[in-house]
Ligand SMILES: Cc1cc2nc3c(=O)[nH]c(=O)nc-3n(C[C@H](O)[C@H](O)[C@H](O)COP(=O)(O)O)c2cc1C
């Protein structure tokens, strides 16, 4: 028997069409709880989140407006948007935490697995204005702004503009393992 990777990992993907079904409040809480259970350097837990569901229309619109136009076109169908940040320094000694972004990634990985287990989908994004988000939410310099995430139940791609709709059926490409595992030759890994 060939072992497959776990279905929580295998079935996750990043859609752009979301249903207008709201996310139940307990599920929203579970997403952040799952994130908070990630390991972190010195257990600093540097991850921070600003989020809004469509119920909180003002904050939702503020978050949406930080995204580049392409992302806004499809994210507006998602019932929830998250902005992710990290606290840059260790609380205990004020030294720079060079692993904060790593730890946030682990937290988002947990959140993603939890989302999949609840039939929710996440689509992470770098396409937004960090400066606008910083200004909008008066984010102090002590925090780095990292990504934004659209979250929701899967929707009908017909709601999307044609050019984006086509992307929903793109094949998911992954590098073969010999491109990511070092075997003594850096040329193989480029
Ligand atoms: C940090 C990060 C930034 C991303 N930025 C964007 C983005 O701005 N817009 C977008 O449509 N997708 C964005 N993506 C989604 C990736 O394109 C997607 O994860 C990748 O193509 C792999 O597809 P999959 O998640 O469906 O497996 C981003 C993903 C990550 C993790």
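Residue numbers (UniProt numbering): 1 to 190. The beta-carbon is built from N, C-alpha and C at its ideal position, and this holds for glycine as well.
Per DSSP, cross-strand counterpart(s) of residue i
i, result
"residue 52", "81"
"residue 121", "152"
"residue 47", "86"
Contact check, residue i vs residue j, beta carbons under 8 angstroms
i, j, result
"residue 150", "residue 18", "yes"
"residue 75", "residue 81", "yes"
"residue 47", "residue 104", "yes"
"residue 137", "residue 86", "no"
"residue 120", "residue 27", "yes"
Own chain residues within Cβ distance below 7 angstroms of residue i, not counting five before or after
i, result
"residue 70", "127"
"residue 16", "74, 123, 160, 164, 167, 168"
"residue 90", "42, 44, 97"
"residue 12", "112, 116"
"residue 147", "84, 124, 125, 126"
Helix, strand or coil at residue i according to DSSP, with G and I counted as helix
i, result
"residue 127", "coil"
"residue 143", "strand"
"residue 96", "strand"
"residue 18", "strand"
"residue 64", "helix"
"residue 59", "helix"
"residue 164", "helix"
"residue 40", "coil"
"residue 134", "helix"
"residue 181", "coil"
Chain-order list of residues whose beta-carbon lies under 8 angstroms from that of residue i (same chain, five-residue window excluded)
i, result
"residue 20", "77, 79, 155"
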